[in-house]
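Colleague: In the numbering used here, the protein residues as written are 1277 to 1539. Cβ coordinates follow ideal geometry from the N, Cα and C atoms, glycine included. Source: prediction; values computed, not measured. I have a structure I would like to understand better, so I am pasting it below and will then ask my questions one at a time.
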Amino acid sequence: MALFVFIFGLIIGSFVNVLIYRIPRGESIVVPGSYCTSCSHSLKWYDNIPILSYVMLKGKCRYCREKISLQYPIVEALNGILYILLYYTHGPTLEFLFLALISSMLIAIAGTDITAQVVPDGLVIAVFVLSSIEKLIQHYIFHESVDIKGSILGALFGGALFTVISLISKGGMGGGDITLISSLGFVLGLEKEILAVFLSFIIGAVSSLFLVGTKAKSMKDYIPFGPFIILSFFITIFFGDRILAWYLGLLAVERGFGICALW
Ligand SMILES: [Zn+2]
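This is the structure:
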């Protein structure tokens, strides 16, 4: 089953590459089928097997011998690995399936933000819609309790905070970042959204210092914030419960000491 999940992840990852390339260019994501981005030659199915084709073709197009970007196998592998991790942490559940699809949308958003500085509205809406469908199925078909209030508060909290930051920083935070953090707040719920926002600030600050420090970027360069939000989302999905438990534990210990001191 794990192997099947991984292969499914690779195939969806291949589609994520299509999204990253075509959405910023305004091309249809359905037609035409895959083609070489250098010579436009349409690709046969055997040119298009995730990772394997890249390895067998030694990273070059079969028709024009132009180099194929490393982005393709990296995105495919990343998507496959995320699916496996989600499968191991969530089991064969509805939550796993929806989180996996949402994760693919997020990898696509990170990709378009890095390569074209766009956070496509369509992908952000897809995250919101996928999360809504999952909650509806959980509630109406599986009769699970769904914390819809927490989701709405999470979306409002992230959206409002980033709107304020965007106004203060005069465009340092883009409109796409606002809708992205808001839709992730809907997926995560309020508590985990607060954690994800906090993590995104830390990761954003440390990464920006690193990029400027190593001269990979200058102070004037635009550094997209979307990928930091998305990385924070994944950390929250996998470690959020543990981080929150640890933090609440710390608070409890402190309060405990407080009471001791009073005595
Ligand atoms: Zn070619």
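Does any heavy atom of ligand 1 sit closer than 8 Å to the C-beta of Glu1352?
Modeller: To locate residue 1352, count along the sequence shown from 1; it is residue 76. No, ligand 1 has no heavy atom inside 8 Å of this Cβ.
Colleague: May I ask whether a heavy atom of ligand 1 can be found less than 8 Å away from the beta carbon of Ser1314?
Modeller: Counting from one through the sequence shown, the residue named residue 1314 turns up at place 38. Because some heavy atom of ligand 1 lies under 8 Å away, the Cβ of Ser1314 counts as near it: yes.
Colleague: If we ignore side chains and look at the alpha-carbon of each, how far apart do Ile1357 and Pro1396 end up?
Modeller: Here the question's residue 1357 lines up with position 81 in the sequence shown. Here the question's residue 1396 lines up with position 120 in the sequence shown. Looking at the two C-alpha atoms, the distance is approximately 24 Å.
Colleague: Closer than 8 Å is the cut-off here; do at least three beta carbon pairs connect the stretch 1346-1354 with the stretch 1313-1330?
Modeller: With the cut-off at 8 Å, the stretch 1346-1354 and the stretch 1313-1330 touch.
Colleague: Determine, using beta-carbon pairs with one atom in the stretch 1458-1466 and one in the stretch 1389-1405, whether at least three such pairs fall under 8 Å.
Modeller: Judged by Cβ distances under 8 Å, the stretch 1458-1466 makes contact with the stretch 1389-1405, as three or more pairs qualify.
Colleague: Rounding to the nearest angstrom, what Cα-Cα distance links Gln1393 and Cys1340 in this structure?
Modeller: Translated into the one-based positions of the sequence shown, residue 1393 becomes position 117. Translated into the one-based positions of the sequence shown, residue 1340 becomes position 64. Roughly 29 Å separates the two Cα atoms.
Colleague: Please go through the same chain and pick out, in chain order, the residues whose beta-carbon is closer than 8 Å to the beta-carbon of Ile1409, but skip the five residues on each side of it.
Modeller: Numbered from 1 along the sequence shown, position 133 holds the residue referred to as residue 1409. For Ile1409, where only same-chain residues beyond five positions count, the Cβ hits under 8 Å are Phe1374.
Colleague: Counting contacts by CB-CB distance shorter than 9 Å, is Ser1316 in contact with chain D?
Modeller: Among the chains in the structure shown there is no chain D, since it carries only a single protein chain.
Colleague: Which of the three DSSP states, helix, strand or coil, is assigned to Lys1320?
Modeller: Along the sequence shown, read from residue 1 onward, the residue named residue 1320 stands at position 44. If DSSP states are grouped into helix, strand and coil, Lys1320 belongs with coil.
Colleague: At a cut-off of 8 Å, would you count His1317 as near ligand 1, judging by its Cβ distance to the nearest heavy atom?
Modeller: The count along the sequence shown starts at 1 and reaches residue 1317 at position 41. Checking the Cβ of His1317 against ligand 1 gives yes.
Colleague: Whole angstroms is fine: what's the gap from Leu1377's alpha carbon to Thr1512's?
Modeller: Along the sequence shown, read from residue 1 onward, the residue named residue 1377 stands at position 101. Along the sequence shown, read from residue 1 onward, the residue named residue 1512 stands at position 236. Straight-line Cα distance between these residues: approximately 17 Å.
Colleague: Taking just the CA atoms, how far does Ile1288 sit from Ile1454?
Modeller: Locating residue 1454 in the sequence shown gives position 178, counting from the first residue. Locating residue 1288 in the sequence shown gives position 12, counting from the first residue. So the two alpha carbons sit approximately 26 Å from each other.
Colleague: Less than 9 Å between the beta carbons of Ile1360 and Val1292, yes or no?
Modeller: Your numbering for residue 1360 matches position 84 in the sequence shown. Your numbering for residue 1292 matches position 16 in the sequence shown. No; because the gap between Cβ atoms is not below 9 Å, this pair is not in contact.
Colleague: Pop quiz: Gly1430 and Leu1466 are said to be a contact at Cβ under 8 Å. What is the actual Cβ separation, rounded to whole angstroms?
Modeller: Your numbering for residue 1430 matches position 154 in the sequence shown. Your numbering for residue 1466 matches position 190 in the sequence shown. Rounded, the Cβ-Cβ distance is 4 Å, consistent with contact.
Colleague: Specify whether the stretch 1511-1529 and the stretch 1488-1501 touch according to this definition: at least 3 beta carbon pairs, one from each stretch, less than 8 Å apart.
Modeller: Touching, no.
Colleague: Below 8 Å, can you find three or more Cβ-Cβ pairs linking the stretch 1521-1532 to the stretch 1494-1510?
Modeller: Segments in contact, no.
Colleague: Would you call the CB atoms of Ala1472 and Gly1426 closer than 9 Å?
Modeller: Here residue 1472 refers to the residue found at position 196 of the sequence shown. Here residue 1426 refers to the residue found at position 150 of the sequence shown. Not in contact: Ala1472 and Gly1426 (Cβ atoms no closer than 9 Å).
Colleague: Please report the straight-line C-alpha distance between Lys1336 and Lys1343, rounded to a whole angstrom.
Modeller: For the purposes of this step, residue 1336 is taken as the residue at position 60 of the sequence shown. For the purposes of this step, residue 1343 is taken as the residue at position 67 of the sequence shown. Straight-line Cα distance between these residues: approximately 4 Å.
Colleague: Alpha carbons only, please: which of Ile1385, Ser1379, Leu1399 and Ile1390 is nearest the one belonging to Phe1514?
Modeller: By one-based count along the sequence shown, residue 1514 stands at place 238. Minimum Cα distance to Phe1514 is reached at Ser1379.
Colleague: Please report the residue range of the alpha helix (DSSP H) in which Pro1368 lies.
Modeller: To locate residue 1368, count along the sequence shown from 1; it is residue 92. First-last for Pro1368: undefined, no H or E at that position.
Colleague: Could you tell me which of Ile1428, Ile1457 and Ile1424 sits nearest to Val1440, measuring between CA atoms?
Modeller: Position 164 of the sequence shown, counted from the first residue, corresponds to residue 1440. If we check each option's Cα against that of Val1440, Ile1457 comes out closest.
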